[in-house]
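Below is one structure; the comments refer to it alone.
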Amino acid sequence: MGIHHAIRKLGASTLTGIRRLGLMGLFLGQGILFCLVPPLKISRLVKQIHFIGLQSMLVILLTGLFTGMVLGLQGFYTLNRFGSDAFLGPMVALSLIKEMGPVISGLMVTGRAGSAVTAEIGIMRLSDQIDALTLMGLNPFRYLVVPNLLAAAIALPLLTAVFDVVGIFGGYMVGVKLLGVGSGTYFGEMANYVDISDVAEGLYKSFSFGVIIAWICCYKGYYTGIHTGFGAEGVSRATTQAVVFSSVLILVWDYFMTSILF
Amino acid sequence: MHESVNRAGAVTGENDVVIRIEDLRRSFDGFPVLQGISLEVGKGVLLALIGRSGCGKSVLLRHMAGLLRPDSGQVFIRDMDVARVKGRALARLRQGLGFLFQGGALFDSMTVYDNVAFPLREKTRMREAEIRQRVVDELGRVGLSGAEGKYPSQLSGGMQKRAALARELVCEPEIMLFDEPTTGLDPIIGHAILKLIDDLHRKMRFTGIIVTHELHKVFEIVDRVALLHEGGIRVQGPPEDILSSEDALVRQFVRGEIEGPISVR
Numbered sequence: 000m001g002i003h004h005a006i007r008k009l010g011a012s013t014l015t016g017i018r019r020l021g022l023m024g025l026f027l028g029q030g031i032l033f034c035l036v037p038p039l040k041i042s043r044l045v046k047q048i049h050f051i052g053l054q055s056m057l058v059i060l061l062t063g064l065f066t067g068m069v070l071g072l073q074g075f076y077t078l079n080r081f082g083s084d085a086f087l088g089p090m091v092a093l094s095l096i097k098e099m100g101p102v103i104s105g106l107m108v109t110g111r112a113g114s115a116v117t118a119e120i121g122i123m124r125l126s127d128q129i130d131a132l133t134l135m136g137l138n139p140f141r142y143l144v145v146p147n148l149l150a151a152a153i154a155l156p157l158l159t160a161v162f163d164v165v166g167i168f169g170g171y172m173v174g175v176k177l178l179g180v181g182s183g184t185y186f187g188e189m190a191n192y193v194d195i196s197d198v199a200e201g202l203y204k205s206f207s208f209g210v211i212i213a214w215i216c217c218y219k220g221y222y223t224g225i226h227t228g229f230g231a232e233g234v235s236r237a238t239t240q241a242v243v244f245s246s247v248l249i250l251v252w253d254y255f256m257t258s259i260l261f
Numbered sequence: 000m001h002e003s004v005n006r007a008g009a010v011t012g013e014n015d016v017v018i019r020i021e022d023l024r025r026s027f028d029g030f031p032v033l034q035g036i037s038l039e040v041g042k043g044v045l046l047a048l049i050g051r052s053g054c055g056k057s058v059l060l061r062h063m064a065g066l067l068r069p070d071s072g073q074v075f076i077r078d079m080d081v082a083r084v085k086g087r088a089l090a091r092l093r094q095g096l097g098f099l100f101q102g103g104a105l106f107d108s109m110t111v112y113d114n115v116a117f118p119l120r121e122k123t124r125m126r127e128a129e130i131r132q133r134v135v136d137e138l139g140r141v142g143l144s145g146a147e148g149k150y151p152s153q154l155s156g157g158m159q160k161r162a163a164l165a166r167e168l169v170c171e172p173e174i175m176l177f178d179e180p181t182t183g184l185d186p187i188i189g190h191a192i193l194k195l196i197d198d199l200h201r202k203m204r205f206t207g208i209i210v211t212h213e214l215h216k217v218f219e220i221v222d223r224v225a226l227l228h229e230g231g232i233r234v235q236g237p238p239e240d241i242l243s244s245e246d247a248l249v250r251q252f253v254r255g256e257i258e259g260p261i262s263v264r
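If you're matching them up, the sequences are chains A and B in order. The opening residue of the first sequence carries number 0 in numbering that gives the first Met the number 0; numbering runs sequentially from there. The opening residue of the second sequence carries number 0 in numbering that gives the first Met the number 0; numbering runs sequentially from there.
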């Protein structure tokens with residue numbers, strides 16, 4: 000009896016998991032489809048670019064600066080052991096541009112904007128605002144999902160670029176101003192070793208991370224109640240799941256992009 | 000053809016059925032909520048859907064609006080199957096349908112003015128000046144003149160219901176579904192909302208269904224009453240017939256008695 004019950008439960012949860020994965024895939028497909036089919040809600044898009052992009056600027060500046068400073072510090076002591084501290088500039092720049100910029104920007108935007116997107120859509124779901132949109136004959140995807148998908152896909156590469164520049168400046172402050180690496184060496188070696196394809200790699204990654212954040216956070220908000228339970232607890236659970244799932248997916252996808260595509 | 004004049008003064012005939020429900024069944028997690036509902040609502044008729052809490056009234060209303068899909072059975076609005084209609088027909092169907100949600104479902108990031116203007120801006124090609132006039136008129140009609148710049152969170156429960164009603168009525172729907180319009184309101188405001196619905200029904204002559212627990216006050220404004228019990232329509236008819244019903248269950252429910260065929264557990 001106990002074994003039967005356990006097997007049935009395992010089967011049911013597996014089927015639910017598979018069904019929800021399928022639903023997530025359909026959700027992304029529908030989101031992308033409505034991005035391509037007009038009309039586009041321009042005012043909503045601008046509002047979301049402001050919310051996801053501009054309002055994340057401070058956190059990106061701070062994390063970028065200190066990430067670059069730590070890289071400068073650690074990099075200098077490590078390279079110094081081998082007498083290679085001249086390569087501090089390329090090391091900081093490549094680490095930031097190829098990996099740390101896109102990943103940390105993605106994680107920061109998930110925490111700051113993604114969680115808010117989930118909570119906003121989740122509350123709209125629980126207070127029948129999404130049903131009200133549907134009954135007005137308006138497509139909730141166009142109002143809620145498409146602006147967030149496009150805004151995150153546009154804002155993330157830009158935020159990552161800012162992160163990279165500020166991070167390189169942070170590395171410069173520590174490496175050059177504090178630890179005495181030559182300014183010409185820091186930037187000169189960087190120009191020799193950092194290729195435009197490295198910059199493109201970082202931007203492709205950040206674009207895909209933007210899509211991941213908007214996809215997961217909108218999905219979790221959209222199905223608040225049905226998948227996560229109702230009330231304040233349901234919204235809280237949806238938000239937590241959105242942040243955790245987006246963050247994990249960013250790291251997993253980063254590995255696959257690095258190993259397969261580049 | 001048999002014709003009758005309802006309380007709002009609308010002449011309805013037997014062929015003027017606007018909402019038709021046929022053997023509607025729906026379960027949630029294996030628990031049957033609706034077990035073969037059949038119901039017809041004529042043009043211009045205001046019907047009260049009553050029943051115990053959790054008996055499926057709101058679920059039935061959501062099926063009529065197409066927000067839920069039935070396990071079996073059909074809901075027809077003007078002969079269109081709500082669960083199957085798609086594309087332009089669905090858009091046309093929804094254009095003529097208003098739904099007052101229990102909590103109002105106002106967009107909380109928009110002002111009252113923007114909430115009421117929203118469907119006009121999104122669904123019509125009206126100019127902003129025309130929209131402004133319509134919104135001001137509609138807010139005046141529901142007694143909310145001067146509240147244009149307020150956000151839903153700054154309004155009382157009754158005002159939120161009025162604002163939501165204005166947003167639904169601004170597109171002049173032919174069918175209005177009211178999901179517990181007086182829940183959470185004090186008796187005076189609750190009565191005022193029902194009076195407002197009655198006045199608007201007389202002026203606009205929409206076909207309406209009100210899900211409510213305010214039996215005696217709602218009986219004064221509706222043309223028909225349907226009692227939902229154990230997943231089916233137990234009885235339906237004019238309010239006078241329901242009030243004078245000999246059915247022990249109906250009598251217990253209408254009078255709110257503890258003793259009777261309905262168990263209070």
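Built from N, CA and C at the ideal position, the CB exists for glycine as well. For clarity, every value in this text was computed on a predicted model and none was experimentally measured.
Asked, Found
"In terms of alpha-carbon separation, which member of G201(A), T239(A), I211(A), D127(A) lies closest to L66(B)?", "D127(A)"
"Taking C-beta to C-beta, are T109(A) and A241(A) nearer than 9 Å?", "yes"
"Measuring CA to CA, which of D198(B), H190(B), E229(B), G230(B) is closest to H212(B)?", "H190(B)"
"How about I18(B): is its C-beta nearer than 9 Å to some C-beta of chain A?", "no"
"To the nearest angstrom, how far is it from the Cα of L125(A) to the Cα of S207(A)?", "29 Å"
"Between V224(B) and G207(B), which are expected to be in contact by the criterion C-beta below 8 Å, what is the C-beta distance as a whole number of angstroms?", "That pair is no contact at about 13 Å."
"Since L48(B) contacts L33(B) with CB under 8 Å, what's their CB separation in whole angstroms?", "Not quite, the Cβ-Cβ distance comes to about 12 Å (not below 8 Å), so this is no contact."
"Under a three-way DSSP split, which group does T184(A) fall into?", "helix"
"Of all the options V145(A), Y203(A), D84(A), which has the alpha carbon lying nearest to the alpha carbon of I215(A)?", "V145(A)"
"What whole-angstrom Cβ distance do A90(B) and G136(A) have, given they're in contact under 8 Å?", "5 Å"
"Tell me whether V251(A) is buried or exposed, calling it buried when 16 or more other Cβ atoms sit within 10 Å of its Cβ.", "exposed"
"Using only alpha-carbon positions, find the residue among G157(B), H200(B), F98(B), E219(B) that is nearest to E167(B).", "F98(B)"
"Could you pull out every residue in the same chain whose Cβ sits closer than 6 Å to the Cβ of F116(A), ignoring the five residues on either side in sequence?", "Residue 116(A) is actually Val in this sequence, not Phe. Same-chain partners within the cutoff: N147, C216."
"So, L87(A) versus G170(A), is the Cβ gap smaller than 9 Å?", "yes"
"May I ask which residues mark the beginning and end of the beta strand (DSSP E) holding V135(B)?", "V135(B) -> not in any beta strand (DSSP E); alpha helix (DSSP H) instead, spanning 127-140."
"Quick check on H228(B): does DSSP put it in helix, strand or coil?", "strand"
"Which residues in the same chain have their Cβ closer than 6 Å to the Cβ of A5(A), if we skip the five residues on either side of it in sequence?", "none"
"Which value, in whole angstroms, describes the spacing of the CA atoms of L119(B) and D136(B)?", "13 Å"
"What's the call for S205(A), buried or exposed, on a 16-neighbour Cβ count within 10 Å?", "buried"
"Among the residues of its own chain, which have a CB less than 6 Å from the CB of S71(B), if the five just before and after it don't count?", "R24"
"Who are the neighbours of G102(B) on chain A, taking C-beta pairs under 8 Å?", "S126, D127"
"Name, please, each residue of chain A whose Cβ falls closer than 9 Å to the Cβ of K122(B).", "M135, G136, L137"
"Relative to the alpha-carbon of V111(B), which residue among E239(B), E147(B), F117(B), R83(B) has its alpha-carbon at the smallest distance?", "E147(B)"
"Please determine, among E173(B), F218(B), T182(B), H215(B), the residue with the shortest C-alpha to C-alpha distance to M203(B).", "E173(B)"
"If you pair each beta-carbon of the stretch 152-167 of chain A with each one of the stretch 189-204 of chain A, do three or more pairs fall below 8 Å?", "yes"
"Check whether the stretch 127-135 of chain B and the stretch 103-110 of chain B touch, using three or more Cβ-Cβ pairs below 8 Å as the test.", "no"
"Give me the chain B residues within the contact set of A319(A), using Cβ-Cβ distance strictly less than 7 Å, ordered along the chain.", "The structure shown does not extend to residue 319(A), since chain A is modelled only from 0 through 261, so no value can be given for it."
"Assuming the contact rule is C-beta atoms closer than 8 Å, L46(B) and I232(B) should be a hit. Round their C-beta distance to whole Å, please.", "Rounded, the Cβ-Cβ distance is 11 Å, inconsistent with contact."
"Which stretch, first to last residue, makes up the alpha helix (DSSP H) that contains A112(A)?", "Where A112(A) is concerned, there is no enclosing alpha helix (DSSP H), given that its DSSP letter is neither H nor E."
"For R68(B), which residues of its own chain have a beta-carbon under 7 Å away from its beta-carbon, when the five flanking residues on both sides are left out?", "A82"
"Just mark A116(B) as buried or exposed, buried being the case when its beta carbon has 16 or more other beta carbons within 10 Å.", "buried"
"Could you give the residue range of the beta strand (DSSP E) that holds S152(B)?", "From DSSP, S152(B) is part of no beta strand (DSSP E); its letter is neither H nor E."
"Of all the residues that make up the stretch 83-107 of chain B, which are near chain A by a beta-carbon distance shorter than 7 Å?", "A90, R93, Q94, L96, F98, F100, G102, A104, F106"
"Just curious, the beta strand (DSSP E) that L45(B) is in, first and last residue?", "45-50"
"Please decide whether I41(A) counts as near chain B, where near means a Cβ-Cβ distance under 9 Å.", "no"
"What did DSSP end up calling I257(B) once you bin it into helix, strand or coil?", "coil"
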